[in-house]
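All letters in the sequence shown, in the order written, are residues 0 to 112 by the numbering used here.
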Amino acid sequence: MKTVDVLQLSAHEHAFLEKVRKTVHKVLPHEPLILFGSKVRGEAGPESDWDILILPQRVTSELKHEIRAALYEIELEEGVVINPLILPKMEWEKGRFRDHPIHRRIDEEGVLV
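In structure tokens:
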């Protein structure tokens, strides 16, 4: 999978993604983050959100809340919307999401943060 270095992002956007990565890694130290959506396709407008797939081994409502709360702080600081898609890794790879259109799209366009 490609990394964000291949994208045409500003220095501020790269710094923003690094802040997001570090924030999520405080909760989930070893889980990859995958950026997808309009930001990756180069179709983003001024109001576009940041779509990020996070695949922990196990997902609980507490974990989702912790990640979203941490990312919300960044949203407030930066004035942007972060849309985290938080799914169990095994369910993403072999479960009901395997044949979902979003899975195919992320496989095609997703980049590691």
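We put the beta carbon where it would ideally sit given N, CA and C, even for glycine.
The structure displayed is predicted, hence computed values, not measured ones.
| query | result |
| --- | --- |
| Unbroken stretches of the alpha helix (DSSP H), 4 residues or longer, contained in the region 34-107 | 37-40, 60-77 and 88-93 |
| Sufficient close CB pairs (3 or more, under 8 Å) joining the region 35-42 to the region 55-69 | no |
| Residues that K1 bridges to, as DSSP identifies them | V110 |
| Contact under 9 Å by Cβ, R40 with E92 | no |
| Cα-Cα separation between Y71 and M0, rounded to whole angstroms | 27 Å |
| Extent of the continuous alpha helix (DSSP H) to which E12 belongs | A10 to V26 |
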